[in-house]
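Below is one structure, written out as structure tokens; the observations come after it.
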């Protein structure tokens, strides 16, 4: 306690000071002050005693002269007469009585100086001790405040939940500052700011959840991002924009203290203290407290954010582990499926069994609504569903799709490209579904004997919102590759089997040919031998002529067979000579047909020949043409039963775009004898004979039609055959030159 706080003529005792824990040296100063007070008391007592002794020595008391006393007091510097000097107290009751009964003796100038010095020392010591007391009080206040701030900080930072941190902050700050309201603003991108936490006393209204316009928020962000504080004792006298001033009035706020919540130069929000009841002069320690707490809130929020990031990272890692485990499980399922399909491909050459297993495995493993496999006919431009497995959709088995009706789809599939899509319009049977189409593609470089690159496709049908991922698509492509391998192996096996069958057939034809040739060669020779033998023993000239005729006929037959074999060999080697001439068909044809009329008449058959009179001359090899028509007429006579008909019609096909603007002469030979459909594709093959025909009855080597086809090709023409309704028709087209 300073001297200015004490009444005059009073002296504070040592015991009056608070017994607090003082700084070092405080006790020594108090002891010195006590000693000074004791010296002052002793000095005052000695003066009184000396004055009494002087009066006793004179034997009488001098008369009292006030002016003398006054002058003595002034000259001696008696502390009792000096209003600026504190009065001292006696050390005992006797001395006090004596001093009160007798007036004090006048002090000498030396005593007066000593007294003033002691009084000055006492005053200085009192000021120093009062300063120490004030420091102790400040230290105690700071200690209490530090303890309170530490407690508040601990409560703020004891949670890692952002909501709890903000709520604890506004509650603790309002209690510490005894304010009417404390709020925390959070800034949102392109949406201003919003009050996310609040502690408010009654009767002031709550602002929780209220938003501040973007314009005001941007002004505040620019200001507080620089680390500035807002200290306003009265908003009516503050430097605010009209919009912000109106906002404070609506919020019932009169005084405001705002601190930014900053961390790493990032403005996380604002910690705002409102005094609603009236103006308030914010103290420096309150500003310091708010600044400190805003920093602690920023640290707590950052720790919370880091914790949440760590939690999110852990959650993400757990999700990745789960997804990885699920993916590994799917991989195992897919690998098992591929192994099963691969085993079937390795163990079986049955195309249908492998593809049916593939569509079934895909449906079950991928949880599809259905899956089907179609095979292509590129020549016909069709795609036919041959294999299918459905779970929850109608079957499309056997459906034939024209590729030209969906060019976008089949163009990609023919290029070996997959695609997935969801139908925009619901299918009448399936509804809206998601589909993945994958071609069954054969690499031409690795597929010997396979002419077409795309054999078919796989269609996977799923629910409409499903999207096939890359892993599933790769797996489907692997299945499609296995299907392609299966189809290739099956078709190669079928081709090999067909080759074996064909080789067996050709071997059989060869045996038949050798047998036939042997028979055909031996028969004329045998007849020649017999005719020679009979000629030697013929009794008459008529018999000799008959046997000579047989010799000539059999030799001609032998020569014809040999010539056919030689001609066929030359035709296959493309060394057959051609000599073209202009042929007038209306005049040339009757001479060709005339030799067959006698044979036809003997067989009770009929022959009709039709040739337009206005046919233009045909420029070709007449020998080859004669041989072609003669062979066809010979076969017609040979295989047409008695009483039935044979016809030959010759016409002109005018030039047209479809035949390259070339005119053709058409020879159409028909006879009433039907060839089975199974034999039609083979009748132009060498050594081939219709199975229902008795080759020993009709003779021949099986080379006639093969030779005819080769001769027609020599003339750049074509020949075709068809048989139906008891008739067989051969059509020869020779280009007109």
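Residue numbers (full-length UniProt numbering): 1 to 737.
Ideal Cβ placement from N, Cα and C applies to all residues, glycine included.
Neighbour-count burial assignment, residue i, 16 or more Cβ in a 10 Å radius
i, result
"residue 423", "exposed"
"residue 563", "exposed"
"residue 740", "Nothing can be reported for residue 740: it is not among the residues displayed for the chain, which extend from 1 to 737."
"residue 554", "buried"
"residue 328", "exposed"
"residue 91", "With a pLDDT of only 38 at residue 91, under the threshold of 50, the placement of this residue in the model should not be trusted; the figure read from the coordinates follows. Residue 91 should be labelled exposed."
"residue 545", "exposed"
"residue 728", "buried"
"residue 715", "buried"
"residue 134", "exposed"
"residue 322", "exposed"
"residue 682", "exposed"
"residue 304", "buried"
Separation of residue j from residue i, as counted between CA atoms
i, j, result
"residue 604", "residue 646", "11 Å"
"residue 532", "residue 703", "30 Å"
"residue 506", "residue 616", "43 Å"
"residue 340", "residue 346", "10 Å"
"residue 599", "residue 606", "10 Å"
"residue 209", "residue 474", "52 Å"
"residue 670", "residue 590", "17 Å"
"residue 523", "residue 551", "12 Å"
"residue 577", "residue 557", "23 Å"
"residue 278", "residue 266", "33 Å"
"residue 488", "residue 442", "8 Å"
"residue 710", "residue 568", "8 Å"
"residue 404", "residue 382", "8 Å"
"residue 738", "residue 561", "Nothing can be reported for residue 738, as the shown portion of the chain is limited to 1 through 737."
"residue 397", "residue 373", "9 Å"
"residue 490", "residue 453", "16 Å"
For residue i, the nearest candidate out of the options (CA to CA)
i, options, result
"residue 228", "220, 677, 234", "220"
"residue 162", "662, 125, 630, 302", "302"
"residue 547", "592, 527, 561", "527"
"residue 125", "552, 410, 295, 36", "36"
"residue 337", "395, 414, 472, 264", "472"
"residue 43", "572, 55, 117", "117"
"residue 178", "120, 280, 127, 207", "280"
"residue 256", "314, 678, 180", "180"
"residue 176", "285, 412, 130, 131", "285"
"residue 200", "172, 240, 481, 187", "172"
"residue 571", "654, 513, 708", "708"
"residue 672", "651, 726, 38", "726"
"residue 510", "689, 153, 245, 724", "689"
"residue 215", "674, 243, 207, 731", "243"
Contact set for residue i: own chain, Cβ-Cβ below 8 Å, skip 5 residues either direction
i, result
"residue 270", "184, 185, 193, 220, 224, 258, 259, 260, 261"
"residue 583", "617, 618, 619, 620, 622, 625"
"residue 613", "586"
"residue 435", "420, 421, 422, 423, 459, 460, 461, 462"
Contact set for residue i: own chain, Cβ-Cβ below 6 Å, skip 5 residues either direction
i, result
"residue 610", "649"
"residue 5", "Note that residue 5 scores a pLDDT of 35, beneath 50, so its modelled location is shaky; the value from the coordinates is reported in the next line. The answer is none, since no qualifying residue turns up."
"residue 371", "359, 362, 363, 389, 460"
"residue 213", "192"
"residue 476", "438"
Short CB-CB distance (under 8 Å) between residue i and chain C
i, result
"residue 454", "Absence of chain C from the displayed structure is noted, only one protein chain being present."
Closer than 7 Å: residue i CB and nearest the ligand GDP heavy atom
i, result
"residue 197", "Annotation note on the ligand GDP: not contained in the displayed structure, which lists no ligands."
Reduced DSSP category for residue i - H, G, I as helix; E, B as strand; rest coil
i, result
"residue 186", "strand"
"residue 153", "helix"
"residue 584", "coil"
"residue 274", "strand"
"residue 616", "coil"
"residue 372", "strand"
"residue 535", "helix"
"residue 733", "strand"
"residue 266", "strand"
"residue 436", "strand"
"residue 261", "strand"
"residue 599", "helix"
"residue 663", "coil"
"residue 742", "Here the chain has residues from 1 to 737 only, and residue 742 is not among them."
"residue 207", "coil"
"residue 248", "helix"
"residue 608", "strand"
"residue 19", "Confidence in residue 19 is poor, its pLDDT being 43 and thus under 50, which makes the residue's placement unreliable; the coordinate value appears in the next sentence. In this structure, residue 19 counts as coil in the three-state DSSP scheme."
Residues of its chain near residue i, where Cβ-Cβ distance is below 7 Å and the 5 sequence neighbours each way are ignored
i, result
"residue 292", "149"
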